[in-house]
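J.:
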Amino acid sequence: MADEESKQISVIIAGRGYPLKIKENEEEVIMSIAEEVNRRIREYQEAYPNREKQDWLSMAILSYAIEKYQAEKTFSDAKLVQKFSQVESYIDDLLK
Numbered sequence: 002m003a004d005e006e007s008k009q010i011s012v013i014i015a016g017r018g019y020p021l022k023i024k025e026n027e028e029e030v031i032m033s034i035a036e037e038v039n040r041r042i043r044e045y046q047e048a049y050p051n052r053e054k055q056d057w058l059s060m061a062i063l064s065y066a067i068e069k070y071q072a073e074k075t076f077s078d079a080k081l082v083q084k085f086s087q088v089e090s091y092i093d094d095l096l097k
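Sequential numbering from 2 applies to the sequence shown in my numbering.
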């Protein structure tokens, strides 16, 4: 962050403020992510009103971890398919 201007902001997640030091150009993205996290937590609050805040937070974190895993797997699978295509192309070239 030495080369870019940084600033201090406060992000509210589940009603609690968290100070963050960020790059100037990251503020909009970080605030948008915070809104999405709060929306996900609210969904769990509405779906499971008798649970505690810790449960809603844990379920939100788990859902994001699952999405991250699936995205990484999809990306990994796509890269693997690309590599297989390259190998197949090399073999075709060798056999010609």
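Note that beta-carbon positions come from the ideal geometry of N, C-alpha and C, so glycine has one too.
All of these numbers come straight from a predicted model, not from anything done at the bench.
Could you tell me which residues DSSP pairs with Pro20 in its beta bridges?
T.: Taking the sequence shown and counting its residues from 1, one reaches residue 20 at position 19. The partner list for Pro20 (beta bridge, DSSP) reads Ser11.
J.: What are the boundary residues of the alpha helix (DSSP H) that Asn39 is part of?
T.: In the sequence shown, counting from the first residue as 1, residue 39 sits at position 38. Residues Glu28 to Ala48.
J.: According to the neighbour-count rule (16 or more other Cβ atoms, all chains shown, within 10 Å of its Cβ), is Ile92 buried or exposed?
T.: On the sequence shown, residue 92 is found 91 positions in, with the first residue counted as 1. So Ile92 counts as exposed.
J.: Could you spell out the range, first to last residue, of the alpha helix (DSSP H) harbouring Glu73?
T.: Taking the first residue of the sequence shown as 1, we reach residue 73 at position 72. Run containing Glu73: Lys54 to Leu96, per the alpha helix (DSSP H) assignment.
J.: So is Ala72 buried or exposed if we call it buried at 16+ other beta carbons inside 10 Å?
T.: Against the sequence shown, residue 72 aligns to sequence position 71. Counting Cβ neighbours within 10 Å, Ala72 comes out exposed, since fewer than 16 surround it.
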